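For the protein sequence lines, the chains are B and W, in the order given. If you're matching positions, the first sequence starts at 1 in the working numbering and goes up one per residue. If you're matching positions, the second sequence starts at 1 in the working numbering and goes up one per residue.
2 protein chains.
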Amino acid sequence: MSKPNTALQREDHGTLEDLVGYNLKRAYLIVSSDFRLTLGEEGLAPRVFSALALIVQFPLITQSDLARKLGIERSGLVAIVDDLEARGYVVRKPVPNDRRVRALAPTPEGEVAHSQANETVMAHEAQLLSELTPQETENLVGLLKKIRNIKR
Amino acid sequence: MSKPNTALQREDHGTLEDLVGYNLKRAYLIVSSDFRLTLGEEGLAPRVFSALALIVQFPLITQSDLARKLGIERSGLVAIVDDLEARGYVVRKPVPNDRRVRALAPTPEGEVAHSQANETVMAHEAQLLSELTPQETENLVGLLKKIRNIKR
DNA sequence: GTCAAATTGTTTCCTAAGAAAACAAACAAT
DNA sequence: ATTGTTTGTTTTCTTAGGAAACAATTTGAC
Numbered sequence: 001m002s003k004p005n006t007a008l009q010r011e012d013h014g015t016l017e018d019l020v021g022y023n024l025k026r027a028y029l030i031v032s033s034d035f036r037l038t039l040g041e042e043g044l045a046p047r048v049f050s051a052l053a054l055i056v057q058f059p060l061i062t063q064s065d066l067a068r069k070l071g072i073e074r075s076g077l078v079a080i081v082d083d084l085e086a087r088g089y090v091v092r093k094p095v096p097n098d099r100r101v102r103a104l105a106p107t108p109e110g111e112v113a114h115s116q117a118n119e120t121v122m123a124h125e126a127q128l129l130s131e132l133t134p135q136e137t138e139n140l141v142g143l144l145k146k147i148r149n150i151k152r
Numbered sequence: 001m002s003k004p005n006t007a008l009q010r011e012d013h014g015t016l017e018d019l020v021g022y023n024l025k026r027a028y029l030i031v032s033s034d035f036r037l038t039l040g041e042e043g044l045a046p047r048v049f050s051a052l053a054l055i056v057q058f059p060l061i062t063q064s065d066l067a068r069k070l071g072i073e074r075s076g077l078v079a080i081v082d083d084l085e086a087r088g089y090v091v092r093k094p095v096p097n098d099r100r101v102r103a104l105a106p107t108p109e110g111e112v113a114h115s116q117a118n119e120t121v122m123a124h125e126a127q128l129l130s131e132l133t134p135q136e137t138e139n140l141v142g143l144l145k146k147i148r149n150i151k152r
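In structure tokens:
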């Protein structure tokens, strides 16, 4: 059981400290700020990184499909794809049968940039979370995915 | 154990899907949007609720101390306390020995509002997370606290 | 085949949340 | 008494996302 914190230990039932939402937010802020430090000022923003990762994983994905997969609005995706296109990491390709749709494909530079960023991010996250055992991290991700899969 | 998702199962090592940061963000968005629905349009915003909870728990806490405890900047706390004061839930009291400091105290209405909001929030969160067993929820909170306690 | 309805990418505007920098008032220390 | 620090505050900036509207296009009903 390691060494728990010595301070706010008593009076911990029904308080802020055991609200999942509160702890999620605090933990998210820590991890995301570390992410930004990792990729630096000019580096990919978290959501841009996520989009690139999915475009590499699912080449020729549609903007609508990507927005759905990211859980954001189509309108919000525009700026993200603009960013990636400006960096030369992604191109919007016309689709033969449907002239409304733009298929997103990574450029070679995009693939390289992604795999480099991915390495960096994974390594830094592992190091940030080195207080957690691999089992704990895996467990955590599993629980978070369970929350993500809640149907509301 | 249990029924995992059937879709994106293969190719899941080193991808976006097992990044803690990504899952944290997605899960946080779900829980915090549920929070807002729970307390409604006119209800306390998440951060305002958190502040009120701590003021009730630590009456006469200083604004600086509260900001520290919340993990935000002093400047950001001003609007939160303004909000609580406008609702009549909190008062800024002068402190005898130090005229810079404002001690935050809940009003009787503030105490009532807090305990009502707290009940509501706890109940809705429990219901939202009903897919998780109590052990899983407890486990999750423990892991999130571990992240919160990382010294960087 | 035509016309209404839906879809796609996009623009514009709005909100929430927090950070950073500066400032006056007050305090502490030497 | 001057210097430096702390407290609350204001102002400005950044990040992230949602909602509504729109033109271009496609689909579906009939």
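Heads up, the beta-carbon is just placed ideally off N, CA and C, and yes, glycines get one too. Predicted model, so just to flag it, every value in this text is computed and none were measured.
By the beta-carbon neighbour count (other beta carbons within 10 angstroms, threshold 16), Ser130/B is exposed. Neighbours of Asp18/W across chain B, judged by C-beta separation under 7 Å: Val141. The DSSP-derived three-state label of Pro96/W is coil.
Under the Cβ distance rule, Val81/W does not count among the residues neighbouring chain B, no pair being separated by less than 8 Å.
CA-CA distance, Ser75/B to Lys69/B, rounds to 14 Å. Residue environment analysis places His114/W among the buried positions, since at least 16 neighbouring C-beta atoms fall within 10 angstroms of its C-beta. The alpha-carbon separation between Met122/B and Arg92/B amounts to approximately 28 Å. In summary, Lys151/W is exposed, with fewer than 16 beta-carbon neighbours lying within 10 Å of its beta-carbon over all protein chains present. At least one C-beta of chain B is nearer than 8 Å to the C-beta of Gly71/W. From the beta-carbon of Arg92/B, no residue of chain W is found nearer than 9 Å; the closest lies around 21 Å away.
Your pair Val78/B and Asn23/W does not check out as a contact, with CB atoms roughly 25 Å apart and the cut at 8 Å.
By the neighbour-count definition (other C-beta atoms within 10 Å, threshold 16), Gly21/W is a buried residue. Collapsing the DSSP output to three states places Leu39/B in a helix. Around the beta carbon of Ser50/B, a 10 Å sphere encloses 16 or more other beta carbons of the protein chains shown; the residue is thus reported as buried. According to the DSSP assignment, Leu132/B belongs to no alpha helix (DSSP H), since it is labelled neither H nor E. Taking 8 Å as the cut-off between beta carbons, the residues of the segment 28 to 53 of chain B near chain W are Tyr28, Leu29, Ile30, Val31, Ser32, Asp34, Phe35, Pro46, Ser50, Ala53, in sequence order.
As computed with DSSP, Arg87/W is found in no beta bridge at all.
The C-beta of Asn23/B comes closer than 8 Å to at least one C-beta of chain W. Contact with chain W is found for Gly14/B, since one of that chain's Cβ atoms lies less than 8 Å from the residue's Cβ.
Glu41/W and Val31/W have their C-alpha atoms spaced approximately 16 Å apart. Assignment of Ile80/W by DSSP, reduced to helix, strand and coil, places it in the helix class.
Contact annotation, Leu144/B with Val90/B: C-beta distance approximately 27 Å; criterion of less than 8 Å not satisfied.
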